[in-house]
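**Q** Have a look at this one before I ask anything.
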Amino acid sequence: MSLDRSPSPRRDGGWSSPGLTTPFDDTLPNGRLRGPSPSPNIMNGGKGNVTWASAKANSERVNGYPRYQSQNQGWFSRVRKMSVSLPLFAHGGQEDRIAEKEKLNRGWSHDGSSINWKEIPRRAGLLLSRRRKYMALSVLAAILLLWLYSSSLVFWYRRTSWLGGGSKFVLILGANQGGGVMEWKGAREWAIERDSVKNKKKYAARWGYELDIVDMSTKKRYAHEWRESWEKVDVIRNAMKKYPNAEWFWWLDLNTFIMEPTYSLQSHIFNDLNTNAYRDINVYNPLKIQHPPNGTSGDPTAPKFANYLDDEALSPVGDGKPESINLLVPQDCGGFNLGSFFVRRSHWTDRVLDIWWDPVFYEQRHMEWEHKEQDALEYIYTNQPWVRPHVAFIPQRKINAFPNGACGDDRGIPPGGCKALQIGDDMRECGVQGIHYQEKERDFLVNMAGCEWGRDCWGEMYNFRQLSNRLNRNPWEKFKDWISDTWNARKKKEKAKRDQEALEAQQKEEAEKKQ
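With the UniProt record's numbering, letter number 305 in the sequence shown gets 305, and the count goes up by one each step, no holes.
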């Protein structure tokens, strides 16, 4: 910048520097030149002259700037301005975080008067929304774990003594009957054993029961005495030693199948044992055993055994308490049936099992007993009065229903079911005399007893397995089956219609040929 003339001092102080003001700055809107500034000279104390402060202020308004000064006009500055102009989204508490805080009072204000209670729900919602994905992942992981371990959780829950009580029950299943020694085991025998074992395992796991699968193969310890069919007595004794905390032991033959796995033993039988069982054998007595017991007492006028039997032994129901029941046996058309029965741990049970397994007792009677250990138990019950007060009987259909053909033909149930029976009506298969399996009554277990004598064991096992699967379907399976049945019925109807039309066309064609 050049000066028109050299600066000269002024009389009132200061220096005259006319070249420091540009024509653009000194020109007024009316076209006249701006006069000297009336403001005092800060630097020199003069008035009306150009000072260094005014010159510096004027120079800042010039369009050209030195390259070392930044006026926020670069590319990054423009991008920053654009980003700042975008809308902001609150993330809960952001206003307080960016606000200037006093050094010793950082964070949320603890002054109750400054809390905006209306903002708390909004802030809580924003906080949850920020962590929503983590919460969803946690919930999914928990559901996955419960699904993977649900069977184990249910098993341990139902087996605890103070919740389900399943640990008090042991299922004893006799498998490998004969072991290929008494007879050859083919594919059908292996299939029967596979289905039966799988059925018992699934039921025991569902309710928290113990399952003891025993090998019933012929062994030397039994074979040398011809006691192949008596080993279940010895097996029960060994199971009591193996499970010392169990109370009830349920023996099951291999040809049995649990039809209703949703029934627990507690709800089905033992929660109301007095109602589900009967102790007076005269209620249903196919063996015609006289009860109370009789015999020779020496006094022809006195009741037999009256000289030494107490009131409990002479009572038809013993003491009448369910706690005194130690043996629970069903009866079929021929008497006691041991294909499915219960034994309770007690001192009485130990004595009975010892007598039942006594080799001397066996040697004297085994040739007379066609049904072996079953006939032996009937003999003990008949001739040992101290046994009767602790034996109870359960209806056959409750735990040991037979298929049609075993113990005669199925007589069926009334149209309205067993609950619709009135006094004087024919009981048929209802009550304690019912023997055969009834689908409408949803019987608990079926025993294909005697199927090896003229019947098809595998065919019966397969049919009952399919029936059980159909009766115990879940809603989704029922819906799928309904869709399938509807579709098949429609196809069958269309096929029948086409066959009928083809038959009518053929008949019409034959009639035209005759004409």
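Quick reminder that beta carbons are idealized off the backbone N, C-alpha and C, glycines included.
Exposed or buried, residue 547, counting other C-beta atoms within 10 Å across all chains shown (16 or more means buried)?
**A** This structure cannot settle anything about residue 547, because the visible part of the chain is limited to 1 through 515.
**Q** Taking just the CA atoms, how far does Phe257 sit from Phe341?
**A** Residue 341 sits at position 341 when you count from the first residue of the sequence shown. Residue 257 sits at position 257 when you count from the first residue of the sequence shown. The alpha-carbon atoms of Phe341 and Phe257 are separated by roughly 14 Å.
**Q** Among Arg159, Lys200, Asp409, whose alpha-carbon lies nearest the alpha-carbon of Ser175?
**A** Indexing the sequence shown from 1 puts residue 175 at position 175. For the record, residue 175 in the displayed sequence is Ala; it is not Ser. Cα-wise, what sits closest to Ala175 is Lys200.
**Q** List the endpoints of the continuous alpha helix (DSSP H) containing Asn116.
**A** Locating residue 116 in the sequence shown gives position 116, where the first residue counts as 1. No alpha helix (DSSP H) contains Asn116, which DSSP labels as neither H nor E.
**Q** If you drop the 5 nearest sequence neighbours on each side, which residues of the same chain put their C-beta closer than 8 Å to that of Glu247?
**A** Locating residue 247 in the sequence shown gives position 247, counting from the first residue. So the qualifying residues of the chain are Lys168, Phe169, Arg344, Arg345.
**Q** Looking only at C-alpha atoms, which of Tyr203, Tyr209, Ile236 sits nearest to Asp215?
**A** Position 215 of the sequence shown, counted from the first residue, corresponds to residue 215. The shortest C-alpha separation from Asp215 is found at Ile236.
**Q** Compute the Euclidean distance between the alpha carbons of Ala187 and Glu312, then round it to the nearest angstrom.
**A** Numbered from its first residue, the sequence shown carries residue 187 at position 187. Numbered from its first residue, the sequence shown carries residue 312 at position 312. Those two C-alpha atoms are separated by around 52 Å.
**Q** Assuming Arg344 is part of the alpha helix (DSSP H), what are its boundary residues?
**A** In the sequence shown, counting from the first residue as 1, residue 344 sits at position 344. Per DSSP, Arg344 belongs to no alpha helix (DSSP H); it is in the beta strand (DSSP E), 340-344.
**Q** As a quick exercise: from Leu445, Trp476, Asp409, Val391, pick the residue whose alpha carbon is nearest that of Leu273.
**A** Your numbering for residue 273 matches position 273 in the sequence shown. Selected option, being the one with the closest Cα: Val391.
**Q** Is DSSP giving Asn438 helix, strand or coil here?
**A** Taking the first residue of the sequence shown as position 1, residue 438 is located at position 438. A small correction: the amino acid at residue 438 is Gln; Asn does not occupy that position in the sequence shown. Coil at Gln438, not helix or strand.
**Q** Do you know how far the Cα of Lys419 is from the Cα of Asp443?
**A** Locating residue 443 in the sequence shown gives position 443, counting from the first residue. Locating residue 419 in the sequence shown gives position 419, counting from the first residue. Each residue's alpha carbon lies about 14 Å from the other.
**Q** So, is Lys398 buried or exposed, given that buried needs 16 or more other C-beta atoms within 10 angstroms?
**A** Within the sequence shown, residue 398 is the residue found at index 398, counting from 1. Buried: at least 16 other Cβ atoms inside 10 Å.
**Q** Give the single residue among Arg428, Trp117, Lys185, Lys288 whose Cα lies nearest to the Cα of Ile413.
**A** For this step, residue 413 is matched to residue 413 along the sequence shown. If we check each option's Cα against that of Ile413, Arg428 comes out closest.
**Q** Can you tell me where the alpha helix (DSSP H) holding Ala505 begins and where it ends?
**A** Here residue 505 corresponds to residue number 505 of the sequence shown, with the count starting at 1. Where Ala505 is concerned, the enclosing alpha helix (DSSP H) stretches over 475-514.
**Q** In three-state terms, what does DSSP make of residue 544?
**A** Here the chain covers residues 1 to 515 and nothing more, so residue 544 does not appear.
**Q** For Ala502, does the count of other Cβ atoms within 10 angstroms reach 16, so buried, or fall short, so exposed?
**A** Position 502 of the sequence shown holds residue 502. Per the 10 Å Cβ criterion, exposed.
**Q** Out of Asp195, Asn245, Ser324, point me to the one whose CA is closest to Gly160's CA.
**A** If you number the sequence shown from 1, residue 160 lands on position 160. Rather than Gly, the amino acid found at residue 160 in this sequence is Thr. Closest option to Thr160, Cα to Cα, is Asn245.
**Q** Would you report the Cα separation of Arg473 and Met448, rounded to the nearest angstrom?
**A** Locating residue 473 in the sequence shown gives position 473, counting from the first residue. Locating residue 448 in the sequence shown gives position 448, counting from the first residue. When rounded, the distance between both Cα atoms is 23 Å.
**Q** For the segment 373-454, list the alpha helix (DSSP H) runs that are entirely contained and at least 4 residues long, ordered along the chain.
**A** Correct list: 373-383, 396-399.
**Q** Closest to Pro403 by C-alpha separation, out of Gln422, Glu373, Ile435, would be which residue?
**A** Translated into the one-based positions of the sequence shown, residue 403 becomes position 403. Here the closest residue by C-alpha is Ile435.
**Q** Could you tell me the alpha carbon to alpha carbon distance between residue 516 and Trp476, rounded to whole angstroms?
**A** Residue numbering for the chain in the displayed model covers 1 to 515; residue 516 lies beyond these limits and cannot be assessed.
**Q** Might you give, ordered along the chain, the residues of its own chain that have their beta carbon closer than 7 Å to the beta carbon of Asp375, omitting 5 neighbours on each side?
**A** For the purposes of this step, residue 375 is identified with residue 375 of the sequence shown, where counting begins at 1. Within the same chain, Asp375 has close Cβ partners Trp369.
**Q** If Asn326 sits next to Trp348, beta carbons under 8 Å apart, how far is it from one beta carbon to the other, in whole angstroms?
**A** Mapped onto the sequence shown, residue 326 falls at position 326. Mapped onto the sequence shown, residue 348 falls at position 348. Asn326 to Trp348, Cβ: 5 Å. Contact.
**Q** Under a three-way DSSP split, which group does Trp251 fall into?
**A** Residue mapping note: residue 251 aligns to position 251 of the sequence shown, counting from 1. Reduced to three states, the DSSP call for Trp251 is strand.
**Q** Under a three-way DSSP split, which group does Met310 fall into?
**A** As a working note, residue 310 is residue 310 in the sequence shown. Here residue 310 is Asp; the residue named in the question, Met, does not match the sequence. Note: Asp310 maps to coil in three-state DSSP.
**Q** Please classify Ser264 as buried or exposed, where buried requires at least 16 other C-beta atoms within 10 Å of its C-beta.
**A** As a working note, residue 264 is residue 264 in the sequence shown. Ser264 comes out buried.
**Q** Assuming Asn282 contacts His268 under a Cβ cut-off of 8 Å, what Cβ separation, rounded to an integer in Å, is found between them?
**A** For the purposes of this step, residue 282 is taken as the residue at position 282 of the sequence shown. For the purposes of this step, residue 268 is taken as the residue at position 268 of the sequence shown. The Cβ separation is near 25 Å, so there is no contact.
**Q** Would you mind reading off the limits of the alpha helix (DSSP H) that contains Leu471?
**A** Counting from 1 along the sequence shown, the entry for residue 471 is found at position 471. Element bounds for Leu471: 457-471.
**Q** Just the C-alpha distance for residue 533 and Asp354, rounded to the nearest angstrom, thanks.
**A** As shown, the chain starts at 1 and ends at 515. That puts residue 533 outside it, with no answer to give.
**Q** Reducing DSSP to helix, strand and coil, say where Val170 ends up.
**A** Reading the sequence shown from its first residue, position 170 is the one you call residue 170. Reduced to three states, the DSSP call for Val170 is strand.
**Q** Can you name the residues that DSSP bridges to Phe336?
**A** Counting from 1 along the sequence shown, the entry for residue 336 is found at position 336. Its beta-bridge partners are Gln331.
**Q** State the beta-bridge partners of Ile258 as determined by DSSP.
**A** As a working mapping, residue 258 is identified with position 258 in the sequence shown. Per DSSP, Leu445.
**Q** So, at 6 Å on beta carbons, what are the nonlocal neighbours of Tyr278 in its own chain, with the 5 sequence-adjacent residues on each side left out?
**A** For the purposes of this step, residue 278 is taken as residue 278 along the sequence shown, with counting starting at 1. Correct list, in chain order: Phe393.
**Q** Does the beta carbon of Trp250 fall short of 7 Å from some heavy atom of the ligand ADP?
**A** For the structure depicted, the ligand ADP is absent and the ligand set is empty, with no information on it obtainable.
**Q** Please state the DSSP three-state secondary structure of Ser315.
**A** Along the sequence shown, one-based indexing puts residue 315 at 315. Of the three classes helix, strand and coil, the one that applies to Ser315 here is coil, per DSSP.
**Q** Closest by CA to Tyr462, which one among Ile483, Met259, Lys321?
**A** Here the question's residue 462 lines up with position 462 in the sequence shown. Selected option, being the one with the closest Cα: Met259.
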